[in-house]
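Before any comments, here is the structure.
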Amino acid sequence: MNYAFILFMAATLSACITNPDVKSREVSPAQSYHFEGDDTSTKITGLLEKYGNDWAYHGAFLTVQIGDERVIVRKPVDQYNFSGEIGGGIYREKKVIASCNGYAVTDRWTDVSCTIFVGDEETVTLTF
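When the letters of the sequence shown are read in order and numbered with our numbering, they come out as residues 419 to 546.
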């Protein structure tokens, strides 16, 4: 009987961790960036999904899109202040990293900005 309870709890916790309740979805304004060698600018945008319960946020997921390619897809952002570096994709054979910083506006709201790097090149800063 104890084994069944432990198995049930493990399954429940696993479901909570992999599919948290998203409290807000924030889309950053699209920004244009001119990559070296291109004739035109490329649009870069992002989606920040903050999750948690009724009382507090517990973290966020970041998705970044460069042009038509999603290069960072639903990578977790730090659960306390939404700050840190997130890698997770390749664009034009270069690693893409988002360096994010959260700024508490109130005890229930944090503004977030993420600077996007493609290889060693700093491109745009997305705001959420």
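Cβ atoms here follow ideal geometry from the backbone N, Cα and C, with glycine treated the same way.
Residue burial classification, residue i (beta-carbon count within 10 angstroms, cutoff 16)
{"i": "threonine 458", "result": "exposed"}
{"i": "valine 445", "result": "exposed"}
{"i": "isoleucine 508", "result": "exposed"}
{"i": "threonine 524", "result": "exposed"}
{"i": "tyrosine 521", "result": "exposed"}
{"i": "alanine 478", "result": "buried"}
{"i": "valine 536", "result": "buried"}
{"i": "valine 491", "result": "exposed"}
Where residue i sits in the DSSP three-state scheme
{"i": "serine 517", "result": "strand"}
{"i": "histidine 476", "result": "strand"}
{"i": "serine 501", "result": "coil"}
{"i": "glycine 455", "result": "coil"}
{"i": "alanine 448", "result": "coil"}
Nearest to residue i (by Cα), restricted to the options the options
{"i": "isoleucine 515", "options": "Ser501, Tyr469 and Val523", "result": "Ser501"}
{"i": "lysine 441", "options": "Tyr451, Gly506 and Glu467", "result": "Glu467"}
{"i": "proline 494", "options": "Arg488, Asp486, Glu487 and Glu503", "result": "Glu503"}
{"i": "alanine 448", "options": "Gln483, Asp529 and Asp496", "result": "Gln483"}
{"i": "glutamate 539", "options": "Asp529, Val530, Asn519 and Glu511", "result": "Glu511"}
{"i": "glutamine 497", "options": "Phe453, Cys518 and Lys513", "result": "Cys518"}
{"i": "threonine 528", "options": "Gly505, Asn499 and Phe453", "result": "Asn499"}
For residue i, the first and last residue of its enclosing beta strand (DSSP E)
{"i": "proline 494", "result": "487-495"}
{"i": "aspartate 538", "result": "That residue, aspartate 538, is in no beta strand (DSSP E); it is neither H nor E in DSSP."}
{"i": "arginine 443", "result": "440-445"}
{"i": "glycine 464", "result": "460-470"}
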